[in-house]
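Numbering (our numbering), first residue to last: 41 to 201.
Where a beta carbon is used, it is the ideal one built from N, C-alpha and C, also for glycine.
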């Protein structure tokens, strides 16, 4: 019987503050995936209406069908799903490596910074231009901002791994 650990077992057993920060990034990315599934299905025409909170200010349908709801000409929901999924793959790669920091960490940081910048931009557009709020989008922006915390910790000099 082979007693060596599989790559997945090694990833699961990795214990360090860097590993915990990477796992936090993976968890936040998973929450982001869940948040952007309904937006993506709406933008692709699979569902007709996104449920909203009560109040005239909330209009997820309007926000997610607007001209601003795009990245490189594509609906922004599926692009956001891709970015969250990419971070999960990158987290797996980073956890596989034994180094304190590796190329995967830098890719994660770049992706997370791009997502946070996009979230800030969309919050501005909702408030200043559209005058409508999409709760799903606000949640996504908050997830993106929250992801910067474990990214910062991963690159902090206090990280003793």
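Buried or exposed: residue i, going by 16 or more other Cβ atoms within 10 Å of its Cβ?
i, result
"residue 190", "buried"
"residue 192", "exposed"
"residue 110", "exposed"
"residue 154", "exposed"
"residue 48", "exposed"
"residue 149", "buried"
"residue 97", "exposed"
"residue 231", "Residue 231 cannot be examined here, being either before or after the span of the chain that is shown, 41 to 201."
"residue 162", "buried"
"residue 113", "exposed"
Apart from the five residues on each side of it in sequence, which residues of its chain come closer than 7 Å, Cβ to Cβ, to residue i?
i, result
"residue 145", "134, 194"
"residue 81", "87"
"residue 159", "180, 181, 184, 185"
"residue 142", "134"
"residue 106", "170"
Near residue i, what residues of its chain come up, given a Cβ to Cβ distance below 6 Å and the 5 sequence neighbours on each side ignored?
i, result
"residue 202", "This structure cannot speak to residue 202, because the chain is shown only from 41 to 201."
"residue 115", "83"
"residue 79", "104, 117, 176"
"residue 74", "none"
"residue 64", "190"
From the DSSP output, read off the bridge partner residues of residue i.
i, result
"residue 114", "111"
"residue 98", "173"
Give the single residue among the options whose Cα lies nearest to the Cα of residue i.
i, options, result
"residue 152", "168, 120, 175", "120"
"residue 58", "159, 136, 107", "136"
"residue 178", "164, 169, 188", "164"
"residue 169", "56, 76, 108, 77", "108"
"residue 76", "43, 90, 63", "90"
"residue 126", "171, 147, 43, 167", "147"
"residue 62", "140, 167, 166", "140"
Comparing the CB of residue i with every heavy atom of the ligand MN, is any distance shorter than 8 Å?
i, result
"residue 121", "Only the bare structure without any ligand can be found here, which leaves the ligand MN out of the picture."
Excluding the 5 residues flanking residue i on each side, which residues of the same chain have their C-beta closer than 8 Å to its C-beta?
i, result
"residue 45", "53"
"residue 71", "183"
"residue 50", "136"
Which whole-angstrom value is the C-beta distance of residue i and residue j, which I expect to be below 8 Å?
i, j, result
"residue 99", "residue 175", "The Cβ separation is near 10 Å, so there is no contact."
"residue 157", "residue 188", "Going by Cβ atoms, the distance from residue 157 to residue 188 rounds to 10 Å, so no, they are not a contact pair."
"residue 172", "residue 102", "5 Å"
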